[in-house]
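Number of protein chains: 6
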Amino acid sequence: MGKYQPKDSFQSPRFCGPRTFMRLPYIEKLDEHMDFIITGAPFDSGQSFRTGARFGPEAIRDFSILLRPYNPEQDINIFDYISGVDYGDIPVVPGYITETYQKIEASLAPVVEQGIIPIVLGGDHSITLGELRAIAKKYGPVALLQFDAHSDTWDSYFEQKYNHGTVFRRAIEEGLLDVSRSLQIGMRGSLYGIEDLQDARKLGLEVYTTNQYKQAGVKKMLEVIHQRVGTGPVFLSFDIDFLDPVYAPGTGTPEVAGASIDDALEFVRGLGGIHFVGFDLVEVLPAYDHGQITAAAAANIVYEFVTLIALQKRAKLQQ
Amino acid sequence: MGKYQPKDSFQSPRFCGPRTFMRLPYIEKLDEHMDFIITGAPFDSGQSFRTGARFGPEAIRDFSILLRPYNPEQDINIFDYISGVDYGDIPVVPGYITETYQKIEASLAPVVEQGIIPIVLGGDHSITLGELRAIAKKYGPVALLQFDAHSDTWDSYFEQKYNHGTVFRRAIEEGLLDVSRSLQIGMRGSLYGIEDLQDARKLGLEVYTTNQYKQAGVKKMLEVIHQRVGTGPVFLSFDIDFLDPVYAPGTGTPEVAGASIDDALEFVRGLGGIHFVGFDLVEVLPAYDHGQITAAAAANIVYEFVTLIALQKRAKLQQ
Amino acid sequence: MGKYQPKDSFQSPRFCGPRTFMRLPYIEKLDEHMDFIITGAPFDSGQSFRTGARFGPEAIRDFSILLRPYNPEQDINIFDYISGVDYGDIPVVPGYITETYQKIEASLAPVVEQGIIPIVLGGDHSITLGELRAIAKKYGPVALLQFDAHSDTWDSYFEQKYNHGTVFRRAIEEGLLDVSRSLQIGMRGSLYGIEDLQDARKLGLEVYTTNQYKQAGVKKMLEVIHQRVGTGPVFLSFDIDFLDPVYAPGTGTPEVAGASIDDALEFVRGLGGIHFVGFDLVEVLPAYDHGQITAAAAANIVYEFVTLIALQKRAKLQQ
Amino acid sequence: MGKYQPKDSFQSPRFCGPRTFMRLPYIEKLDEHMDFIITGAPFDSGQSFRTGARFGPEAIRDFSILLRPYNPEQDINIFDYISGVDYGDIPVVPGYITETYQKIEASLAPVVEQGIIPIVLGGDHSITLGELRAIAKKYGPVALLQFDAHSDTWDSYFEQKYNHGTVFRRAIEEGLLDVSRSLQIGMRGSLYGIEDLQDARKLGLEVYTTNQYKQAGVKKMLEVIHQRVGTGPVFLSFDIDFLDPVYAPGTGTPEVAGASIDDALEFVRGLGGIHFVGFDLVEVLPAYDHGQITAAAAANIVYEFVTLIALQKRAKLQQ
Amino acid sequence: MGKYQPKDSFQSPRFCGPRTFMRLPYIEKLDEHMDFIITGAPFDSGQSFRTGARFGPEAIRDFSILLRPYNPEQDINIFDYISGVDYGDIPVVPGYITETYQKIEASLAPVVEQGIIPIVLGGDHSITLGELRAIAKKYGPVALLQFDAHSDTWDSYFEQKYNHGTVFRRAIEEGLLDVSRSLQIGMRGSLYGIEDLQDARKLGLEVYTTNQYKQAGVKKMLEVIHQRVGTGPVFLSFDIDFLDPVYAPGTGTPEVAGASIDDALEFVRGLGGIHFVGFDLVEVLPAYDHGQITAAAAANIVYEFVTLIALQKRAKLQQ
Amino acid sequence: MGKYQPKDSFQSPRFCGPRTFMRLPYIEKLDEHMDFIITGAPFDSGQSFRTGARFGPEAIRDFSILLRPYNPEQDINIFDYISGVDYGDIPVVPGYITETYQKIEASLAPVVEQGIIPIVLGGDHSITLGELRAIAKKYGPVALLQFDAHSDTWDSYFEQKYNHGTVFRRAIEEGLLDVSRSLQIGMRGSLYGIEDLQDARKLGLEVYTTNQYKQAGVKKMLEVIHQRVGTGPVFLSFDIDFLDPVYAPGTGTPEVAGASIDDALEFVRGLGGIHFVGFDLVEVLPAYDHGQITAAAAANIVYEFVTLIALQKRAKLQQ
């Protein structure tokens, strides 16, 4: 059994105490017993429509106390194999994206360096650039597996280079991504022009719209994903607006007719065997949530990320 | 035509008057003209996460005024065949589960004794034990048909024997259920351990997860149900968290990726011919509902229960 | 002790059963044991801004279950002196004001005729015309004591004679009010023109703005009221928008800087000795309420109406 | 490029300025550069259950600012082909349906006369009668394509001929519809009696319940639609309660187990080639919406209406 | 400077990280550097009306991150004098009050024993009995200073001895209170009977209604308090329903016409010099809160408790 | 009568059409008939706690449709004397404060230049710097009259010079303010240190806390204001958090125990005779509002600004 475990909810009710992810210990110092950390990047100055994603990490933590250690769909008792902590949040700089990127990179670099897998809770999608910088330092360019309603590959917005709509173009320009192994799934909604999707493809990304994935089916798409990302290091970026607004009303730029939570979970559960080096879950905006629906979806998806890490560890142990 | 009918909504608008279920008469004294009663058991001290289900009966009643007497899917004008009332609520004892069980049993025993079918609105799921005690008094052990995200068969919680997570283990121990004819459908979500589901099965229950039912399809599952419960007396217990949180945000322990309301209705509508002796609908928690979504789902499911009773009566009359 | 009493909340918790006002019996047939009735007039087609007041009676009932029979400020155990019921709602005609007036008058006339005091829950303020017609049938023109942010004495609105902004001009034109004994308190907010208040005064009404009453103080204003209404029959019409929006967010036409609930209660509690023949409480609009704040205010004000009736009865008995 | 275009959201953020539909110019005077207008009919006195749809147009406009000019599913840059404006709202008469019909007709007649296609935002469904009167003036009886949970073909309600439940019977009686080419899709929910659906059919309408369309599939149903409406002029009336309450909680008379937004969009996108002369989208009731879910659905459906007009124009140009 | 300080919000934005009270360290082990601890008692099975106060501690923590260390009204930089931590929550037993009392007592006894002052966040008011048992162990009977809308001195409720309405009678019976030095302020609202207040007085408590304190003024009342509680040890119990519902909508049993937050703060700020040995703040029920109004009030009142401890320490140091 | 007037709400109901402030014409081109303009600055990247104030202008406009042209407290029919328009919003640059300042200045400079008085709707308080730059261009340093819970005179936050907490220090450093005539009213809440208020005073500002103004009374404070600002040009900046959170829950950094709306209105109404050259109303954050309480307060305060301009004009005309 790993060193850092969630509190036992048969000893103290799950609604006891400050909210850490899954009731894991809240520790802000790294050590060798950590297979993963959960950390927030509560930045939302990159949002182009609704703001408020800075409260996303809190909302996800608050619902996550309901999560229990055994994942029946993957048949694994997570903490039999791994150990992890709630690492607190990265001290972002509200209103200042360049400075925030420096903070994110500085915070995550030692995590990545020690081989600990970071799971970052957004914050808006602009934060991913900072994460990728930290990741690439150790791994070089990594594959991107992105679930999202938007490609986020504009060149600029209001003549500015950095915000949540340009993040992946910047990452490619900075050489952080291995585009030949990268793909985006879930694009949908009205666009400024036909070039919005074309541009992402011109950058070398494989792009699947929501309708395309629905027609193909999740199973088929999973094959596509595995084939595309191959065996090298992969970063998984999950924008909660991949989900339909009924499953994720609390988000910055909702687009109707998105994925169901069933599909989202089937996707993530089907990613076993991929060599993940980092994860994020972004764009949860609690002020537009109600009854914690968005938070529930987000917390469960992050839970599946943690499970993937446990599966990876178990596979290694069983080799 | 039965004696007790809903108020005519062409005479007084449906939003007129105190809310009784479907605008039925509010009568707290039993008589021989009643085929069924609707009663609430507004108890929520058995809830292990969110509390507030004591306001569930009110919320269901409040939406139910929109329900009309002809069920087109079942092609029956309900009150041509049966008659029933809103019986008010059972005087539960907030904070005291043992005493509450006594009240529930005492309230329902005469109802059951007279051959009137009780439909109980929860309240949390712990109330079902009290109901089953009243039912078993007349019928002996009955089959359980449970729609729920959780098996509710733990041995104890915080070292206590009675709450909404242990209710069916207790019922089995007390000999109230014919486990050989009982089944549970809808289990899902993270667990404390692999034994959570195994235990339910060891107790003799047949257990189908949400994923299992979705793969099999509702039609196939209906066959399984009919075969399992057979011709003996059956109690139907419907926990609103069987539904996905988008259909039932207002509940105590929401688990993502649940059933759609379409499936739920198809299930209940497919239960004609089963010998039901009681029903409940539990875990509606209005404080987390919005736009009455949960209440709408719950009221419509209860409406289908009433329809089943009408179909049963019509079948008898047509024999 | 009166015949009709609220349910005993030490026997069944107050959140049990269909919501009737104060848990009084729900009886739709008049008898001689009734000193007062509570009835709703769920009509909102007279609203000129927000609509939805048709759900006002339900919201008031739903909160009123918290009210207990002893009023410590007035030192009276209400039901030691009087007896009353929840009479259900008047079958208004949604969208049709003339027809609705007929229904209101037809419903209330026998109540008034038998000397039972009606307390009507709105609904928008247009309903008061129907009530006054029923009242005047028995008593002739009565004094109006109106608490309200608006005078509701326009001549017409969109060229129509009947809606919630013209009701008291119509009542005066129809001879239902004894304007020489009538007064309005609470007017405030921006107006279409200076004539808005002048018109009310030209009609013979005494008009006090919110600022005027605040400068005078409630005590002083109470003297003014008693002097004005005298000893003849009085109708009290309370528009919930008399209160500041923080106390009554759920209303149709909110005006900032209104009365506090403390002042409102002091006003109503200070009306002992006046010969009331009817009451209404209008413009509660639950869809804009939250946390039942507006409903709480409304239910408590109605509770004070009931207390006034009890005081009146006690005074008679003690003579 | 058409004359009237949405504001460029790369120049000013989309959340800038008063909300007009899609950020189109707000112009209340017709001219020859308009292919379509968006106008509201904020009337809700025809609602038989919840009221408040008068704020529907505002809610739809408020969300529509997120819509962008390129529709990827239809592969068209809308404003390359057409030009349109936000025409403001029709000055309805709250509480007076007959007078409101006159206003609607008077407002729309010149629009229709000039060959501009009106897209009307409700308001409750009763408004459609006024629209059809204006349409029929120019086109004679038109086909009705109605997406709705209810047939709205009662004869009367509370003995009144005009409200949101009788509108299409009235339209047929007035000769405004070519019933032989008309159809309704989406009926569901409990009814007053078996005659509710029969009556619509007796009037000559083709009626498909939600379950029927789901069993047939959208593709199949689209064939049925095209065949039924033929090549003559068609009016499309979309009641937002066609959608399941999880997609449209903010509506007047919600019925569970409705259409998904995916299906709704597939329906509307499949209507290319039909000769539409007018559209409406009704029964959005923001006070029961949350997180703008209903508004998002409605705005996107209206967006598809606009797209259909653009496709129609492009087809003409390419002939 | 004390050892345990809030995180510096100029280093990391205040919305960073898991929510602990005021961003204090989250430490579950006592040590000699702690002058006070903040701990939750998330129990709500004692609530007689609305339930959900188990989420009170989380809600208070979540807002408390906005609190800064310098209290200008008391002119003190709190952590220059004292040091404290967020101690997590007491592992209560949902649904079981007797067992919960044991847990509370067991948790707090060592805290009190070491001379650390506990500040307990409720939970419902029933928890105070457990706290007083722990306090009395060290100090013997203490004075009670209670701000509350209700006396909570019933003998029983539904024939049960323990719940949030009987707690102070039990405490007196158990000899935990020095009634001769105890007083209650804020009683208001309708009662079951005249004896409700009389009983509290018969028990020896001094009782001031809300109206009484408002007439006397806060300054005068503060003199009364100081005189009454004297120099011995005092426990301060603050039920958030002391406040008017507009300041505290999120509570279990709201009574209209309560105290303003201004008065509440003036009261607590005026308590310097009293020998406090413990504090609690109870009945915050977030599911009925909105915009964090209740949480803001509660967090600020607790902040004043912490300030009182700092003042006490400074006074000692300055002696 | 001025050229630009609100739409007549007796002609079209006030809930008709796109929301412009008070239903004024929406015109984005200046002309000589404008005495004032209403414009939004929907920027919120300067917020240090909650974000979302970019939707403030929309929320204020949406409620403002209820405002009518005659102000009874000031006895003036506003548009008999002045004329103004809704000028739309300034195209801010989300996430980029420096660029946003340029846009604000560029937008407002021509307005100010032509002697038109700008009333700016925020947005967060950081926007005021851009406004003052435009104002000072014409008038040189102006007096600041600020109603606010916070001084906003920090030197930096997270090492950044520009955000909503540093705006007035920057303005002073840039020579935009005549500090000798400037004052701030309403400061309250916990602080980082005693220097927070001292710093504002060291900068030359006169600072009054909320408690200070409450003790002095509004009348007395008005004298102080008039004396301080004198006869030179004055800019009035009103942060909605000057109000207590019950009157303004929808704001970025709520502090309990603030001003009532009565006091706020009395303040603004008492400012006649002062030579105002610009106004703003900032920090309205609709996502945390409910029932439009905050929007109502804000719209009414802006309405009083407009009235002040009308009074100023009338005074000039009457000279």
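Going down the list, the sequences are from chains A, B, C, D, E and F.
The opening position of the first sequence corresponds to residue 0 in numbering that gives the first Met the number 0, with each subsequent residue numbered one higher.
The opening position of the second sequence corresponds to residue 0 in numbering that gives the first Met the number 0, with each subsequent residue numbered one higher.
The opening position of the third sequence corresponds to residue 0 in numbering that gives the first Met the number 0, with each subsequent residue numbered one higher.
The opening position of the fourth sequence corresponds to residue 0 in numbering that gives the first Met the number 0, with each subsequent residue numbered one higher.
The opening position of the fifth sequence corresponds to residue 0 in numbering that gives the first Met the number 0, with each subsequent residue numbered one higher.
The opening position of the sixth sequence corresponds to residue 0 in numbering that gives the first Met the number 0, with each subsequent residue numbered one higher.
The beta-carbon is built from N, C-alpha and C at its ideal position, and this holds for glycine as well.
Item: Exposure label - A/Q183; buried when at least 16 CB within 10 Å; Value: buried
Item: Cutoff 7 Å; reference C/L242; Cβ partners in own chain excluding five residues on either side; Value: G257, A258, I260, A263, A296
Item: Pair within 9 Å by beta-carbon distance, D/T252 and D/R13; Value: no
Item: Coarse secondary structure for C/E265, derived from DSSP in three states; Value: helix
Item: Residues near D/S236 by beta carbon distance below 6 Å, same chain, minus five either side; Value: T127, Q145, D279
Item: Closer than 9 Å to chain E by CB, A/E104; Value: no
Item: Reference A/F95, options F/S155, F/R67, F/L107, closest by Cα; Value: Per the sequence presented here, residue 95 of chain A reads as Tyr, with Phe not at that position. With distances taken between Cα atoms, A/Y95 lies closest to F/S155.
Item: Three-state class that DSSP yields for A/D79 in the structure shown; Value: helix
Item: Residues near C/K6 by beta carbon distance below 6 Å, same chain, minus five either side; Value: R22
Item: Proximal residues of chain A, C-beta to C-beta of D/D132 below 7 Å; Value: Note that residue 132 of chain D is Arg in the sequence shown, not Asp. Result: empty, since nearest Cβ-Cβ is about 32 Å, beyond 7 Å.
Item: Counted within 10 angstroms of its Cβ, other Cβ atoms place C/Q46 as buried (16 or more) or exposed; Value: buried
Item: Within chain F, the residues that C/V245 reaches when beta carbons sit closer than 7 Å; Value: V245, Y246, I292
Item: CB of E/L175 within 9 Å of CB of E/V110, strictly; Value: no
Item: Contacts that A/F325 makes with chain E (C-beta to C-beta distance below 8 Å); Value: This structure cannot settle anything about residue 325 of chain A, because the visible part of chain A is limited to 0 through 318.
Item: Contiguous beta strand (DSSP E) assignments of at least 3 residues, all confined to the segment 106 to 166 of chain C; Value: 116 to 121, 142 to 146
Item: Under 7 Å from the C-beta of D/P253: neighbouring residues of chain B; Value: A295
Item: Any chain A beta carbon closer than 9 Å to B/T208; Value: yes
Item: Three-state class that DSSP yields for F/F304 in the structure shown; Value: helix
Item: Chain-ordered neighbours of B/F14 on chain D, where CB pairs are closer than 8 Å; Value: F48
Item: Residue interval of the alpha helix (DSSP H) (run including D/G39); Value: That residue, D/G39, is in no alpha helix (DSSP H); its beta strand (DSSP E) goes 35 to 40.
Item: Contact between the segment 306 to 314 of chain A and the segment 27 to 44 of chain B (3+ Cβ pairs under 8 Å); Value: no
Item: Nearest-angstrom Cα separation, counted from B/A52 out to B/Q318; Value: 41 Å
Item: Closer than 9 Å to chain B by CB, C/T19; Value: yes
Item: Three-state secondary structure assigned by DSSP to B/E172; Value: helix
Item: Member of E/W153, E/V255, E/I59 whose CA lies at the smallest distance from the CA of E/D88; Value: E/I59
Item: Opening and closing residue of the beta strand (DSSP E) in which F/S63 lies; Value: Run containing F/S63: none in the beta strand (DSSP E); it sits in the alpha helix (DSSP H), 55 to 63.
Item: Coarse secondary structure for C/D238, derived from DSSP in three states; Value: strand
Item: Interface flag, E/R187 vs chain C, CB-CB below 9 Å; Value: yes
Item: N- and C-terminal bounds of the beta strand (DSSP E) containing E/D279; Value: 274 to 281
Item: Spatial neighbours of B/A286 in its chain, beta-carbon cut-off 6 Å, leaving aside the 5 residues before and after; Value: G51
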